[in-house]
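So the sequence shown is residues 86 to 807, counted in our numbering.
Below is one structure; the comments refer to it alone.
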Amino acid sequence: MLRRALLLITILGTTLLPAQEKGFTLSDAILKARDYYPERLTGLQWIPNTSSWSYVQDDVLMRGQVGKSADRVIATVADLNKGLQPVDSLTRIPSVEWTDAQTFLFSVGTHTYAYNVAKKTSGLRITSAKDAENEDHDEAYGKIAFTRHGNLFIAGLGDSITQVTFDGADGIVNGEAVHRQEYGITKGTFWSPDGSMLAFYRMDETMVTPYYVEDITTTPSTFKKFRYPMAGQTSHHVTLGVYNTRSGKTVFIDPEGPADHYLTNISWDPDNQHIHIILLNRATDHFKVMRYDAITGEAERMLFEERNEKWLEPEHPFTFLKKSPSRYIHWSQRDGWWHLYLYDVGQGMVRQLTKGNWVVKDILGFDKREQNVFVSGTDMIDEKDPKGAMDTHLYRVELATGRTVKLTAQPGTHRGQLSTDGDYLIDQWSSLTVPGRTEVLDASIGKVVKLLKDSDDPMMKMKKGTIEFVQVRGEQGAVLNGRLIKPSNFQSRQQYPVIVYTYNGPHVQLVTNSYLGGAQLWMLEAAERGYLVFTLDGHGSGNRGQAFEQVIYRQLGITEVKDQLHGADYLKSLPYVDGSRMAVHGWSFGGHVTAALMLRAPDVFKVGVAGGAVQDWRLYEVMYTERYMDTPEENPQGYAETALPDSAANLKGDLLLIHDNMDETVVPQHALRFLKSCVDKGIHPDFFYYPGHAHNVRGRDRVHLYTEVLDYIDEKFLGKGH
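Next comes the structure, spelled out in structure tokens:
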């Protein structure tokens with residue numbers, strides 16, 4: 086009887102206890118990361134010339150509309166398959182692109198189909214090639230530009246394919262992104278507005294010294310060859326061709342200046358007869374905006390130019406106005422912040438549109454009358470309290486006056502899509518406290534007219550730590566934004582070891598007012614092991630204005646390291662931090678900062694894990710390095726001071742170097758050069774090589790990577806590891 090009573094009490098007590106919080110593994114954090122992020126509406130986009138949007142739900146393409154409570158079905162998988170079989174077949178709704186209110190396009194393999202919503206029919210539109218790369222769709226006119234073996238082709242309606250270039254060979258490529266995708270270059274082809282002309286890059290790399298990485302999957306191993314211009318060395322030559330689809334002829338633009346300058350920000354004039362190029366000199370301190378005749382290839386005139394004593398980095402082609410086709414918007418940092426300027430092709434600058442201590446990030450579009458342009462950007466940034474840099478908001482800017490209205494009231498990271506008539510905005514946003522919301526806004530005033538999704542936090546019932554934003558005073562007294570993750574069982578009277586995760590390089594911002602504060606899931610898993618995980622965006626990182634970024638000029642990694650040391654001082658001032666157990670980890674630029682911290686402040690960090698690290702800027706590419714460092718000939722002291730192999734003898738703590746043997750970004754020579762210096766100096770770092778991977782480790786092997794990273798730190802601090 087007593088045993089039965091005790092058993093009953095035990096059962097009742099168990100049922101009254103709160104549900105056990107579930108944790109997640111490192112494998113889950115990497116391979117199942119999507120499961121731990123808030124749900125979003127898949128494929129959400131506006132339907133042209135309507136107040137409706139489409140999205141995918143349970144493999145059905147749905148339609149929602151302002152003013153309508155119920156959403157409707159547009160098409161099912163079965164609907165799409167009716168026009169595909171027996172040639173093709175779908176098992177789920179593919180990505181779609183609307184061309185008008187009744188038609189959307191989708192691709193299956195090499196085939197592009199058009200689906201008519203009213204008729205519920207699919208028809209074959211274009212057939213590309215099986216080995217096509219760098220596809221650039223001109224949907225309105227039924228063409229696809231693509232590359233194959235260094236040459237450029239155009240697929241037309243039906244199955245017609247036209248070869249545009251014939252000189253593709255070793256060291257010569259057409260229609261691909263050039264200048265190693267710096268200066269806003271993400272593709273190599275540019276359709277004219279009416280689809281009759283195709284501008285394309287031609288890159289001649291034959292003068293660039295070949296570089297080789299080893300492919301171990303063959304027996305014996307073979308070597309992959311590519312061209313890699315290192316700082317101060319001969320760079321490739323780029324030209325711009327223009328192919329006329331009507332005549333079948335190609336002309337090449339005749340840019341003035343040295344052959345190794347940068348051709349960036351290609352933009353077509355609305356008249357389909359002219360093309361604009363920003364010609365940036367190799368020193369990156371001067372550019373000219375040139376207007377060319379696309380029919381003859383001849384230069385018509387220079388529209389304007391810009392100079393900067395440190396560097397310029399134009400990243401955005403012009404955005405032309407449709408109703409006033411001679412007017413366009415130009416991006417510039419000439420006042421110290423990324424802002425928009427209204428220009429006229431004939432008259433020059435009309436006015437500066439946006440002003441103040443904030444950064445414009447994107448142009449979303451115009452209203453129907455083109456009286457307003459809609460943009461996204463940071464909040465105002467107070468240098469004494471720069472938390473505004475962590476937010477992204479949506480704005481309406483009046484073209485006639487530059488008057489700017491913030492449309493999003495709640496702090497967070499807002500991403501907007503503007504309807505084609507400019508009446509409404511879809512606002513998808515999150516913050517550290519809001520997992521995710523999707524709303525439709527009245528674009529004129531920012532009022533929420535419909536809530537589309539209020540996402541639950543998928544980690545609400547998970548065993549995870551707390552995330553908080555902090556501020557640290559760095560070099561030159563600047564206030565820096567940081568993020569601190571604590572374990573779920575954090576005790577303020579206990580002292581914890583710390584993992585500092587860093588990048589701290591140009592164009593990158595790690596600390597954002599978004600879900601999880603911008604943290605990666607592996608950081609939360611690391612916190613559950615008993616660590617504090619800390620990240621600091623120091624000088625040189627993105628979205629803080631030009632002055633904040635240009636502090637790093639001619640000394641990459643010097644001020645950045647000092648800022649991270651200020652972060653370390655802040656951590657050691659906290660009563661719950663064990664200052665004797667601090668580790669640092671980063672990849673690429675962050676790998677450089679990690680290794681530099683271990684060498685320049687050997688008594689601060691006891692453990693470092695540097696992945697894909699730049700060890701010597703003389704071994705890095707022309708386009709990136711010379712912008713920030715000038716050439717080794719012009720800045721020998723800067724290159725010498727930042728070369729880490731020369732400081733290898735300073736290493737006191739445990740340093741694990743990780744590199745990928747197929748890395749074409751930070752070539753393996755960096756790691757090997759550092760290791761050779763260590764051998765010469767009798768220093769013993771640890772080293773791990775990832776065969777078959779490029780710059781970083783992806784896929785299932787990423788679990789192995791972060792097991793290696795965290796177990797290495799565990800072994801040194803907690804006495805456990807593999």
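Quick reminder that beta carbons are idealized off the backbone N, C-alpha and C, glycines included.
Quick caveat, the model's predicted, so the values are computed rather than measured.
Asked, Found
"Local conformation of S112 per DSSP, three classes", "helix"
"Check: Y709 C-beta below 8 Å from any heavy atom of the ligand FMN", "In terms of ligand content, the structure shown is empty, and the ligand FMN therefore cannot be addressed."
"Three or more C-beta pairs below 8 Å linking the stretch 416 to 423 and the stretch 361 to 380", "no"
"Nearest-angstrom beta carbon gap, V162 and L175 [assumed within contact, 8 Å]", "5 Å"
"Per DSSP, cross-strand counterpart(s) of S515", "T498"
"Helix, strand or coil at Y705 according to DSSP, with G and I counted as helix", "coil"
"Alpha-carbon spacing of T493 relative to D541, whole angstroms", "21 Å"
"Beta carbon of L503 nearer than 9 Å to that of Y509", "yes"
"Reduced DSSP secondary structure (H/G/I, E/B, other) of V751", "coil"
"Close Cβ partners of A90 (< 7 Å) along its chain, the five nearest in sequence each way excluded", "Any reading at A90 needs caution, since the residue's pLDDT is 37, under 50, leaving its predicted position unreliable; the model's value is listed next. Here the set comprises nothing."
"Contact set for R88: own chain, Cβ-Cβ below 7 Å, skip 5 residues either direction", "Per-residue confidence for R88 stands at a pLDDT of 39, beneath the threshold of 50, marking its modelled position as unreliable; no derived number is given."
"R666 and F802 closer than 9 Å at C-beta", "yes"
"Residue span of the beta strand (DSSP E) that contains E813, given as start and end", "Since the first residue shown for the chain is 86 and the last is 807, residue 813 is missing from the structure and cannot be characterised."
"Nearest residue (CA-CA) to T184, options T197, R177 and V172", "T197"
"Three CB pairs or more closer than 8 Å across the stretch 131 to 140 and the stretch 148 to 156", "yes"
"Beta-carbon spacing of Y616, Y581 below 9 Å", "yes"
"Whole-angstrom distance between D223 and N134, CA atom to CA atom", "19 Å"
"Proximity winner among I584, L760 and V752, relative to D731 (alpha-carbon distances)", "L760"
"Cα-Cα separation, V298 to A653", "37 Å"
"Chain D within 9 Å of L760, Cβ atoms only", "Chain labels in this structure do not include chain D; a single protein chain is all it has."
"Through-space distance from N393 to T727, alpha-carbon basis", "24 Å"
"Paired residues, beta bridge with P295 - DSSP", "R312"
"Identified DSSP bridge partners for K107", "M547"
"CB-CB length for L325 against Y286, believed under 8 Å", "6 Å"
"Pick from E711, T716 and A695 that is closest to E793, judged by C-alpha positions", "A695"
"Residue environment, S180, which counts as buried when at least 16 other CB atoms sit within 10 Å", "exposed"
"R481, buried or exposed, once every other Cβ within 10 Å from all chains shown has been counted against 16", "buried"
"K107 burial status per 10 Å Cβ neighbour count (16 or more: buried)", "exposed"
"Backbone secondary structure at N166 - three-state DSSP", "helix"
"Whole runs of the alpha helix (DSSP H) within the stretch 575 to 634, excluding any shorter than 4 residues", "606 to 613"
"Classification of K228 by the beta-carbon crowding that lies within 10 angstroms, buried from 16 upward", "buried"
"Member of G784, A474, I414 and L790 whose CA lies at the smallest distance from the CA of L116", "G784"
"Rounded separation between L606 and F633 - CA only", "29 Å"
"Backbone CA spacing between V430 and G676 [nearest angstrom]", "45 Å"
"Distance between F403 and Q437 (C-alpha atoms, nearest Å)", "15 Å"
"Sequence-distant residues of the same chain with beta carbon closer than 8 Å to E613, five excluded per side", "G108, K548, K549, G550, P572 and S573"
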